[in-house]
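Quick note: the sequence shown, position 116, residue 115 per numbering that gives the first Met the number 0, numbers continuous.
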Amino acid sequence: MTSNTDCHPKMQGQSPPFLAMLRSARLVAATRAPVLIQGESGTGKELLAQFIHEQSPRHRKSFIAINCAALPEALAESELFGHAKGAFTGANTAREGRIAAAQYGTLFLDEIGEMPLTVQSKLLRFLESGECQVLGEGRSIHIDTRIIAATNRGLADLVQQGRFRNDLYYRLQVVPLEVPPLRQRSDDIEPLAQQFLQWFSRHHGVAAPQLTDPVRRMMHRWSWPGNIRELRNLCERLVILHSGSDLAIEHLPHEIRACHPTTERFPAADFPITGISLEHLERELIMKALAHAGGNRSRAARLLDLSRDTLLYRIKKHGLQTD
Ligand SMILES: Nc1ncnc2c1ncn2[C@@H]1O[C@H](COP(=O)(O)OP(=O)(O)OP(=O)(O)O)[C@@H](O)[C@H]1O
Ligand SMILES: [Mg+2]
Numbered sequence: 000m001t002s003n004t005d006c007h008p009k010m011q012g013q014s015p016p017f018l019a020m021l022r023s024a025r026l027v028a029a030t031r032a033p034v035l036i037q038g039e040s041g042t043g044k045e046l047l048a049q050f051i052h053e054q055s056p057r058h059r060k061s062f063i064a065i066n067c068a069a070l071p072e073a074l075a076e077s078e079l080f081g082h083a084k085g086a087f088t089g090a091n092t093a094r095e096g097r098i099a100a101a102q103y104g105t106l107f108l109d110e111i112g113e114m115p116l117t118v119q120s121k122l123l124r125f126l127e128s129g130e131c132q133v134l135g136e137g138r139s140i141h142i143d144t145r146i147i148a149a150t151n152r153g154l155a156d157l158v159q160q161g162r163f164r165n166d167l168y169y170r171l172q173v174v175p176l177e178v179p180p181l182r183q184r185s186d187d188i189e190p191l192a193q194q195f196l197q198w199f200s201r202h203h204g205v206a207a208p209q210l211t212d213p214v215r216r217m218m219h220r221w222s223w224p225g226n227i228r229e230l231r232n233l234c235e236r237l238v239i240l241h242s243g244s245d246l247a248i249e250h251l252p253h254e255i256r257a258c259h260p261t262t263e264r265f266p267a268a269d270f271p272i273t274g275i276s277l278e279h280l281e282r283e284l285i286m287k288a289l290a291h292a293g294g295n296r297s298r299a300a301r302l303l304d305l306s307r308d309t310l311l312y313r314i315k316k317h318g319l320q321t322d
């Protein structure tokens, strides 16, 4: 799939959770329904909002993004809805709001959870009626702007705490899209890393460094709390510091190198005093890894820090799978 711009790497992903999300995004893009995008920081919410706009019949009109967290409460309403001259002290000229500026296009409201409650009720009115009430003007104007909102905080929790309007939440929730974190779409790690390494090497005019198996395994094992942004930044750093090299574990940041699942989950103190059957334990662990990897042997091998061939040999040895 593409996001056709040369200024940024393309939007990329092949894992089942990503493709499922993209299918819904394409369907909703064709309509004018509001969309709520939820997902951890750095998962690609803004990129997805742009994708929906590009895939929509509105793609020739503006895509305007506003970060609600960066708007002071006093200005939020006029920023969105506009104001008439003299609407408040300091309003020396009339100003068009962002909803109107995105007429026939898309307005992306990032960090919607931070929107002041007073503005939330006006936004709900707009979503329900298309009427946009300019501050300091008696009349409303009708505007056709598609709203896409995003949040990395559980909006449901904010509703519970009384910080987000229930009715607005449900209005935005018509088509909720959840962008999966990178650790739940590990099939995407390597293709994304390859794309970022190639893209940044062209961008910086240097030879791309090469991924190697140990580095791939480490990348798969890491939980990527900063998601795609973290992977992208790491790749840019690897391009700059190690252009043209075969990448080694030593080139990865300390926190990624330090992450070793065996020591985390199996402290030696768990060793039973009656002893243990190593053969049996190995069989159990292989079965668990295969189940965890949805039957995908390459992924199971990475979870066990083995090469695929070694895992296949051991699967055969234990008579686990024959096909
Ligand atoms: N599927 C993808 N393919 C390629 N690049 C991606 C993809 N998803 C995200 N990125 C890149 O990762 C970075 C973070 O993406 P984006 O800003 O859209 O995330 P976000 O969810 O809005 O983050 P935040 O919650 O911090 O605002 C951007 O540089 C973006 O281009
Ligand atoms: Mg964002």
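Positions of the beta carbon are idealized from the N, C-alpha and C atoms, including for glycine. Just so it is clear, the structure is predicted and the values come from calculations on it, not from any experiment.
Inset, instruction - Report the partner residues of Pro175 according to the DSSP bridge assignment. - result: Taking the sequence shown and counting its residues from 1, the one referred to as residue 175 is at position 176. DSSP, once it has assigned bridges, lists Leu35 as partnering Pro175.
Inset, instruction - Would you decide whether Ile248 is buried or exposed? Buried here means 16 or more other CB atoms lie within 10 Å of its CB. - result: Numbered from 1 along the sequence shown, position 249 holds the residue referred to as residue 248. Counting Cβ neighbours within 10 Å, Ile248 comes out exposed, since fewer than 16 surround it.
Inset, instruction - Give the DSSP bridge partners of Gly81, in chain order. - result: By one-based count along the sequence shown, residue 81 stands at place 82. Beta-bridge pairing links Gly81 to Glu95.
Inset, instruction - Buried or exposed for Arg226, please, with buried defined as at least 16 other CB atoms from any protein chain shown within 10 angstroms of its CB. - result: By one-based count along the sequence shown, residue 226 stands at place 227. In the sequence on display, residue 226 carries Asn and not Arg. Looking at its Cβ environment, which holds 16 or more other Cβ atoms inside 10 Å, Asn226 is buried.
Inset, instruction - Run the proximity test for Glu45: is its beta-carbon closer than 6 Å to any non-hydrogen atom belonging to ligand 2? - result: Position 46 of the sequence shown holds residue 45. Correct: Glu45 has its Cβ closer than 6 Å to ligand 2.
Inset, instruction - Could you tell me if the beta carbon of Gly12 falls within a distance shorter than 6 Å of some heavy atom in ligand 1? - result: Position 13 of the sequence shown, counting from 1, holds the residue named residue 12. Yes, the beta carbon of Gly12 sits closer than 6 Å to at least one heavy atom of ligand 1.
Legend entry - Thr150 vs Ile111 beta-carbon contact at 7 Å: Mapped onto the sequence shown, residue 150 falls at position 151. Mapped onto the sequence shown, residue 111 falls at position 112. It is a contact, given that the beta carbons lie within the stated cut-off.
Legend entry - Buried/exposed call for Gln209, threshold 16 Cβ in 10 Å: For the purposes of this step, residue 209 is taken as residue 210 along the sequence shown, with counting starting at 1. By the 10 Å Cβ count, Gln209 comes out exposed.
Inset, instruction - Output the residue ranges of the alpha helix (DSSP H) runs that lie fully inside the stretch 164–241 and measure 4 residues or longer, sorted by chain position. - result: Unbroken alpha helix (DSSP H) stretches of 4 residues or longer found wholly inside the stretch 164–241: 165–171, 188–203, 212–220, 226–241, given in chain order.
Legend entry - Neighbour-count burial assignment, Glu130, 16 or more Cβ in a 10 Å radius: If you number the sequence shown from 1, residue 130 lands on position 131. Classification of Glu130: exposed, given that the 10 Å Cβ count is below 16.
Legend entry - Cβ-based neighbour list, Asp109, same chain, cut-off 7 Å, excluding 5 preceding and 5 following: Translated into positions along the sequence shown, residue 109 becomes position 110. Taken in chain order, the residues that qualify are Glu45, Ala64, Ile65, Asn66, Cys67, Ala149.
Inset, instruction - Determine, using beta carbons only, whether Trp221 and Cys258 come nearer to each other than 7 Å. - result: Within the sequence shown, the letter at position 222 stands for residue 221. Within the sequence shown, the letter at position 259 stands for residue 258. Note that the C-beta distance between Trp221 and Cys258 is below 7 Å.
Legend entry - Cβ-based neighbour list, Thr92, same chain, cut-off 8 Å, excluding 5 preceding and 5 following: In the sequence shown, counting from the first residue as 1, residue 92 sits at position 93. Taking Thr92 as the centre and dropping the five residues before and after it, the same chain places the C-beta of Lys84 closer than 8 Å to its C-beta, in chain order.
Inset, instruction - Indicate the three-state DSSP secondary structure (helix, strand or coil) for Cys258 in the structure shown. - result: Numbered from 1 along the sequence shown, position 259 holds the residue referred to as residue 258. Here Cys258 sits in coil by DSSP.
Inset, instruction - Tell me whether Asn151 counts as near ligand 1, meaning its Cβ is closer than 6 Å to at least one heavy atom of that ligand. - result: What you label residue 151 is simply residue 152 of the sequence shown in a count that begins at 1. Remark: the C-beta of Asn151 is in contact range of ligand 1, defined as less than 6 Å to any heavy atom.
Inset, instruction - Pull up the distance between the alpha-carbon of His241 and that of His250, whole angstroms please. - result: Position 242 of the sequence shown, counted from the start, is the residue given in the question as residue 241. Position 251 of the sequence shown, counted from the start, is the residue given in the question as residue 250. C-alpha separation (whole angstroms): 8 Å.
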